[in-house]
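Per this note's numbering, the sequence shown runs over residues 25 to 510.
All C-beta atoms, glycine included, are put in the ideal place defined by N, C-alpha and C.
For clarity, every value in this text was computed on a predicted model and none was experimentally measured.
Each remark here refers to the structure printed beneath this line.
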Amino acid sequence: MTAVRPDIAPKQAPEATQFPTGFVWGAATAAYQVEGAAAEDGRTPSIWDTFSHTPGKVHNGDTGDIAADHYHRFRDDVALMKQLGLKAYRFSVSWSRVQPTGRGPAVERGLDFYRKLVDELLEAGIAPVATLYHWDLPQELEDAGGWPQRVTTDRFADYAAIMAGALGDRVATWTTFNEPWCSAFLGYGSGVHAPGRTEPASALRAAHHLNLAHGRAIEVLRDQLPAGAQTSVTLNLHQVRPLTASAADADAARRVDAVGNRIFTGPMLRGEYPEDLLADTAHLVDWSKLVQDGDLAAISRPVDVLGVNYYTPTLVSMPEKGESGSGNDVHGASAFSPWPGSEHVAFHLAEGKERTAMNWSIDPDGLYNLLMDVTRDHPGLPLMVTENGAAFDDYVSPEGRVEDPERIAYLHGHLDAVQRAVADGADVRGYFLWSLMDNFEWAYGYSKRFGTVYVDYASQRRIPKASAHWYSDVIRRHALPQGGLS
Ligand code: IFM
Numbered sequence: 025m026t027a028v029r030p031d032i033a034p035k036q037a038p039e040a041t042q043f044p045t046g047f048v049w050g051a052a053t054a055a056y057q058v059e060g061a062a063a064e065d066g067r068t069p070s071i072w073d074t075f076s077h078t079p080g081k082v083h084n085g086d087t088g089d090i091a092a093d094h095y096h097r098f099r100d101d102v103a104l105m106k107q108l109g110l111k112a113y114r115f116s117v118s119w120s121r122v123q124p125t126g127r128g129p130a131v132e133r134g135l136d137f138y139r140k141l142v143d144e145l146l147e148a149g150i151a152p153v154a155t156l157y158h159w160d161l162p163q164e165l166e167d168a169g170g171w172p173q174r175v176t177t178d179r180f181a182d183y184a185a186i187m188a189g190a191l192g193d194r195v196a197t198w199t200t201f202n203e204p205w206c207s208a209f210l211g212y213g214s215g216v217h218a219p220g221r222t223e224p225a226s227a228l229r230a231a232h233h234l235n236l237a238h239g240r241a242i243e244v245l246r247d248q249l250p251a252g253a254q255t256s257v258t259l260n261l262h263q264v265r266p267l268t269a270s271a272a273d274a275d276a277a278r279r280v281d282a283v284g285n286r287i288f289t290g291p292m293l294r295g296e297y298p299e300d301l302l303a304d305t306a307h308l309v310d311w312s313k314l315v316q317d318g319d320l321a322a323i324s325r326p327v328d329v330l331g332v333n334y335y336t337p338t339l340v341s342m343p344e345k346g347e348s349g350s351g352n353d354v355h356g357a358s359a360f361s362p363w364p365g366s367e368h369v370a371f372h373l374a375e376g377k378e379r380t381a382m383n384w385s386i387d388p389d390g391l392y393n394l395l396m397d398v399t400r401d402h403p404g405l406p407l408m409v410t411e412n413g414a415a416f417d418d419y420v421s422p423e424g425r426v427e428d429p430e431r432i433a434y435l436h437g438h439l440d441a442v443q444r445a446v447a448d449g450a451d452v453r454g455y456f457l458w459s460l461m462d463n464f465e466w467a468y469g470y471s472k473r474f475g476t477v478y479v480d481y482a483s484q485r486r487i488p489k490a491s492a493h494w495y496s497d498v499i500r501r502h503a504l505p506q507g508g509l510s
């Protein structure tokens, strides 16, 4: 394996600002994006297996059948993480690997994979951070109605209990859901994600049940985990900005903030759904029936830390008469909107900003503003950046290197934003780079590379990109390089 490259190691000025003591440095992946071994050891299809095997749903017909083969290569991957100096690894559990039908007893062979992974991490001195759900509902549960059905929250609570029982003695940080917005609104609204349904009312019902499942899982985790274990949820909070100072654009921003952010932070952190969200969506769901007695108390059980994922801001306007909505929504093209009740909002790409390979504008101030907004709205809430990173068109040079200066610049800018937010009072406890390695980027298949480690899918060879060496050095110094990138 490759040692840290001296030509990329930042030249450190003595006055570099240190990150806070105890600040956690990590990298993240998700089960379906990296594991592969889709039909091994009792695993059954999740909604993403079904979706990716449906012609026309994923770029190039790619599937997660093999992905980065992490299931078989996890030992080498952990060794690489150790070599890079990572202090934490955020992974998700494939529900259909441990409870193939989504109900009933666990499959020991499935659990064993996660036991071995966690043991290997602990042995390497890397803290495991487990996410219970990163979008891959067992297909049988979707066949029974999926997240729009309340009964799915019962299934999730049982599954959380299984995982806490199996790994609670070894995993100190647990996350219930990753980006429930995507599960609800891309999965059941625009349909660009599994299960590919385009039903605005079902998307809203799914959002409530994801909230409820989160609260019920927090209760289970709290009951079963040792004192000192941390519970959390990860939200992809949209950093929403109006295109102009007009009242109409301010209203577009308010609407997107309601169904993009406050639909989760409201019940989870305040114990209530925002009034404006209920009004904007009243024609789609009867919230008084959907939200039953006790639900809000369950959903608002406290978490120890809030995970936030950030990539790019969300620039919105109210279209002029005759103009269509949606447009440049970064969440993928669909004739159906992922914004129920706010279908007519138009989305824009900021002018004059550099873009990633996803065509997402690069804007570190968005991360600063996001951390400060959450701190203002929920003072004292500990935060963790659980995903941040960028896709670029990486390739291996004839010398066998992968140079990714754009990614280094992206990471530098966003870590600087984290430091600025910390200096201004945000309690940010750590940062997880998305992603440890190139992987299955959902509807984009393998066409987008988010990894700091390059994966040659033909051979499954891993090559740390220049950014991996850079990040490794930042971790070692616990500070950013001063005055440039190297
Ligand atoms: O790859 C995804 C990840 O699964 C969830 N957050 C965004 C990433 C980049 O699109």
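Using a threshold of 9 Å, state whether the C-beta atoms of residue i and residue j are closer than that.
i	j	result
Thr177	Gly169	no
Val442	Leu391	yes
Asp182	Arg486	no
His436	Leu504	yes
Ala218	Ser70	yes
Arg197	Tyr157	The identity of residue 197 in the sequence shown is Thr, whereas the question assumes Arg. Contact flag unset, no.
Arg453	Pro44	yes
Phe180	Arg240	yes
Ser120	Trp171	no
Tyr332	Val398	Note that residue 332 corresponds to Val in the displayed sequence, not to Tyr. Yes, Cβ-Cβ distance for Val332 and Val398 is below 9 Å.
His233	Arg294	no
Leu191	Ile499	no
Asp451	Lys489	no
Ser214	Gly356	yes
Phe98	Ala55	no
Ser366	Arg229	no
His262	Trp311	no
Gly60	His96	yes
Val409	Thr338	no
Ala112	Val48	yes
So for residue i, helix, strand or coil by DSSP?
i	result
Ser270	coil
Phe98	helix
Ile487	strand
Ser510	Low confidence applies here, because Ser510 scores a pLDDT of 46, under 50, leaving its location unreliable; read the following figure in that light. Residue state, collapsed to three classes: coil.
Thr26	Below a pLDDT of 50, predicted positions are generally treated as unreliable, and Thr26, at 42, falls in that range; no measurement from the model is reported.
Gly461	With the sequence shown as reference, residue 461 is identified as Met, and Gly is not the correct amino acid for it. If DSSP states are grouped into helix, strand and coil, Met461 belongs with the strands.
Leu308	coil
Thr78	coil
Gly50	strand
Tyr478	strand
Pro162	strand
Ser207	helix
Ala503	strand
Gln248	helix
His372	strand
Gln123	coil
Arg431	helix
Ser385	strand
Leu145	helix
Gln42	strand
Asp65	coil
His493	helix
Pro129	coil
Any heavy atom of the ligand HEM within a distance shorter than 8 Å of the CB on residue i?
i	result
Phe288	Only the ligand IFM can be found as ligands here, which leaves the ligand HEM out of the picture.
Which residues share a DSSP beta bridge with residue i?
i	result
Val232	Note that residue 232 is His in the sequence shown here, rather than Val. According to DSSP, His232 bridges with nothing at all.
Leu407	Leu330, Val452
Ala154	Phe115, Trp198
Asp440	Paired residues: none, contrary to the question.
Thr338	Val264
Phe137	Per DSSP, none; premise fails for Phe137.
Thr258	Asn202, Gly331
Ser70	Pro162
Arg379	Ser385
Asn412	Leu457
Review point. Does the count of Cβ pairs from the region 71-90 and the region 134-154 closer than 8 Å reach three?
Key: no
**Study point:** the region 115-134 contacting the region 159-166, beta-carbon criterion three pairs below 8 Å
**Key:** yes
Review point. Does the region 211-229 come close enough to the region 355-368 to have 3 or more Cβ pairs within less than 8 Å?
Key: yes
Review point. Would you say the region 409-416 touches the region 370-382, given that touching needs at least three Cβ pairs under 8 Å?
Key: yes
Point to revise | Stretch pair the region 444-458 + the region 40-54: three plus CB contacts closer than 8 Å | key: yes
Review point. Any chance the region 315-324 sits against the region 283-297, with 3 or more Cβ pairs inside 8 Å?
Key: yes
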